[in-house]
Amino acid sequence: MRFKLPQRTVVLIISALFFSLAFEPLPFWILSYFFVPIFAASIRGLGFKEGFRSGYVFGVITAVLTLYWVVYVNVVGVILMVLLHSLYYAVIGGLAGEATKRYGRAGLWSLPILWVAMEYSRSLTQVSFPWQNISYTQASNIAIIQLAELNGDAVVTFFVCIIGLILYFAYANLRRMILSSVLFITAIVLYSGAYIWGVTRIHPLEPDFSVAALQGNIPVNEKWQNGKADHNFVAYDELSAQAADSAQLLIWPESAAPMYLNLERPYISWIESIARRENVDIMTGALYMTRSPEGVRKYYNSAFFFSPDKGMLPTPHNKLQLVPFGEHMPYAEKITAIAKFREFVKERLALDISDFHPGDSIVTFESHGRKFGTLICFEVVYPEFVREMVNKGAEFLTVITNDDWFGETAGPYQHFYIPVFRAVENRVWIVRAANTGICGIFDPYGRVVAKTQLGGRTYLTGKIGPPMGDTLFRRHGAVLAKICLAMTILGGIILAVTRKRYV
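Shown next as structure tokens:
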């Protein structure tokens, strides 16, 4: 399949549309298998420069269509995020375009490697935003996502790309009927085999520990107003009283206590009194501030744990993975020019960029003899970070978030389904508490056992169980992703040093 430049642009746009429509909350996950061959056709033989441009355009289109909701948080941040985020797709387009210019259709087999490498590399820096992974389009395809236990969600991305490429070659060889038929059958057999294998991995569960996720539904512009703290606490006090009869652990969402909680003794006492009154453990999101002997203050987005007998534990879990351009300005602490730009944005443009510090280490809590880890909002998108938390003893995970920033957009739905993969990768239960929804319980197979609707003041109760045992991903980490990244770097170097031969 070869196209002239105007046709290529149309084909590229179609591939970007297919990719964007495959994500939650839309039910079109099957489109992810077809965007790959269309994208392959749009960049084939372009060379590095044209491929780079095409990949960048693809990245901008998909970012605008799937990540538009980020604008509700920070306008400057979303512009910077789109511009930087699109560079990853530009690299895919550039390297695949150059590979196909030199080696023809065979160069397209680099796409699965490039895509996995770029998805992984998006998680490695302070500007990381690993959100648009191809694998996430399969969140509702329960049998296929069981592949994630092998080596993380990268395996699912790789699988979708392979199926898509086989379909590309099947269509490209339609005139060779036998070859085309064999390729179509190969795609069907490969998909069916993975599907059947996934079904066989699912076994009966015996949940035995009662939890509740609280959804206060307090608007973000109201939550942080002076004098509103009591209003917030009354809401969660009432929800706690309703949910406590059916739960041993109550999970309040991110910043449910909208203050530097460690400095507010009256509100600490309030939560402690709820825990004693209801005889239940409570975990809540709040802010945390420390001050060094020299007077230097550090601010954290944190999770605190309370028990009926011990009250508040002194050590919270401080969020380690901060949202770039929202919770912090990347590299501002190392590069003076960036720090000055941050101050300009805050003072001259009156736009908010928080100055949170990342935590120093993972902290786990224990409720009724069961250790658990807490992922604060954005932390759930980092597979190896979650793996580290589980390997440090967490028997189940909680996710606390405040998605009210994103309104009634696709954002809260996309965010809701990401824990599906963390559950499968580590074979653990996950409980999610969100201020305005969606709260949910995920079993170790990535199935949504229960969930609330977006919006409304409510709570969710249910039972969870112990972890389902070890996985290859838990033991070895993201080996496939690292191999693909190494191959991409090596391949890029080879293409660069041999460039003159093909000019």
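With our numbering, the residue at position 414 of the sequence shown is 399, and numbering never jumps. The C-beta atom is built at its ideal place from N, Cα and C for all residues, glycine as well.
{"Check": "ALA26 beta carbon less than 7 Å from that of VAL(-5)", "Outcome": "no"}
{"Check": "Anticipated Cβ contact below 8 Å, LEU305 with GLU364, distance rounded", "Outcome": "7 Å"}
{"Check": "Nearest neighbour of TRP100, chosen from LEU234, SER120 and VAL112 [CA to CA]", "Outcome": "SER120"}
{"Check": "Test item: CB-CB of LYS448 and PRO192 under 7 Å", "Outcome": "yes"}
{"Check": "Collapsed DSSP secondary structure at LEU475 in the structure displayed", "Outcome": "helix"}
{"Check": "Collapsed DSSP secondary structure at GLN117 in the structure displayed", "Outcome": "coil"}
{"Check": "Nonlocal neighbours in the same chain, by C-beta distance under 6 Å from GLY550, ignoring five residues either side", "Outcome": "In this structure the chain extends from -14 to 488, so residue 550 is not present and cannot be described."}
{"Check": "Touch test, the stretch 409 to 427 against the stretch 169 to 183, Cβ-Cβ under 8 Å, three pairs minimum", "Outcome": "no"}
{"Check": "Three-way DSSP call (helix, strand, coil) for SER287 in this model", "Outcome": "strand"}
{"Check": "Cα-Cα separation between HIS70 and ALA260, rounded to whole angstroms", "Outcome": "44 Å"}
{"Check": "C-alpha distance - ALA198 paired with LEU439, whole-angstrom precision", "Outcome": "14 Å"}
{"Check": "Alpha-carbon spacing of GLN(-8) relative to ARG29, whole angstroms", "Outcome": "13 Å"}
{"Check": "Exposed unless 16 or more other CB atoms sit within 10 angstroms - verdict on GLN210", "Outcome": "exposed"}
{"Check": "TYR367 in three-state terms, based on DSSP", "Outcome": "coil"}
{"Check": "Contact check, ASP138 vs PHE406, beta carbons under 7 Å", "Outcome": "yes"}
{"Check": "Extent of the continuous alpha helix (DSSP H) to which LYS213 belongs", "Outcome": "Run containing LYS213: none; DSSP gives neither H nor E here."}
{"Check": "ILE415 burial status per 10 Å Cβ neighbour count (16 or more: buried)", "Outcome": "buried"}
{"Check": "For LEU199, three-class secondary structure by DSSP", "Outcome": "strand"}
{"Check": "Cβ pair count under 8 Å reaching 3, the stretch 9 to 18 against the stretch 29 to 43", "Outcome": "no"}
{"Check": "C-beta atoms of VAL84 and SER95 nearer than 7 Å", "Outcome": "Per the sequence shown, residue 84 should be read as Ala rather than Val. It is a contact, given that the beta carbons lie within the stated cut-off."}
{"Check": "Whole-Å CB distance - ASP389 paired with VAL219, under 8 Å assumed", "Outcome": "Their Cβ separation, rounded to whole angstroms, is 18 Å, which puts ASP389 and VAL219 out of contact at 8 Å."}
{"Check": "Burial state of ASP266, where buried means 16 or more other Cβ atoms lie within 10 Å", "Outcome": "buried"}
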